[in-house]
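J.:
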Amino acid sequence: MMSYATREDLLVADGSYVWNVAINRETNELDEAAIAQALEDTDEEINSLLSRRYKLPLETTVPRILNRVAVSIAFYWLADRDNVATELVRKRYEDAIKTLKEIASGQRDIGLPTLEQPTEGESGKVFMTGENPRLFTRNNLKGVL
120 MMSYATREDL LVADGSYVWN VAINRETNEL DEAAIAQALE DTDEEINSLL SRRYKLPLET
180 TVPRILNRVA VSIAFYWLAD RDNVATELVR KRYEDAIKTL KEIASGQRDI GLPTLEQPTE
240 GESGKVFMTG ENPRLFTRNN LKGVL
């Protein structure tokens, strides 16, 4: 499955922030498991909001807007694991979720084909394919009732 953001995307966006919230205090190295988990949580959150509108996983390159949204969400999940999310990180997370909801509702176009949606009035129709005579009538139930 294609991820919406990568470890490298996070480092390019704000490497010092990643080092602040994803450092393993014992080894002074980046906590790769924490980064991977944050990216997985990010993908899951994005998919949960977009799956009703788009065929997932994406079969094309991730649109830039989804990559930016994913980076904001991943920063939030990285910081949230130690409850160190700043107000700015929280605000960017909320803005990212708002953007995803706008994409999911069709208010924003990301240039990808959407799933087939039934046109208004088509859902719930019943089509009769043939006429069957009634099995139970007053005449053939005479004497039973």
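Heads up: the sequence shown begins at 120 in the numbering used here, then just goes up one per residue.
For each residue, glycine too, the CB sits at the ideal point set by N, CA and C.
Owing to the predicted nature of the structure, the values given are computational and were not obtained by experimental measurement.
By Cβ distance below 6 angstroms, which residues in the same chain neighbour Leu197 in space, the five residues on each side in sequence not counted?
T.: Val140, Ala141 and Ala157
J.: Out of Ser191, Leu260 and Pro232, which one is the CA nearest neighbour of Tyr212?
T.: Ser191
J.: How is Glu164 classed by DSSP in three states: helix, strand or coil?
T.: DSSP places Glu164 in helix when its eight states are reduced to three.
J.: Is Asn258 helix, strand or coil when you go by DSSP?
T.: coil
J.: Between Asp150 and Ser122, how many whole angstroms is the CB-CB distance? I'm expecting something under 8 angstroms.
T.: Between Ser122 and Asp150 the Cβ distance is about 18 angstroms, and since that is not below 8 angstroms, they are no contact.
J.: Tell whether a beta-carbon distance below 9 angstroms holds between Leu260 and Lys174.
T.: It is not a contact, given that the beta carbons lie outside the stated cut-off.
J.: Consult DSSP for Asn143 and reduce its assignment to one of helix, strand or coil.
T.: strand
J.: Just the C-alpha distance for Leu219 and Gly134, rounded to the nearest angstrom, thanks.
T.: 24 angstroms
J.: Would you mind reading off the limits of the alpha helix (DSSP H) that contains Ala204?
T.: Segment: none, Ala204 is in no alpha helix (DSSP H) and carries neither H nor E.
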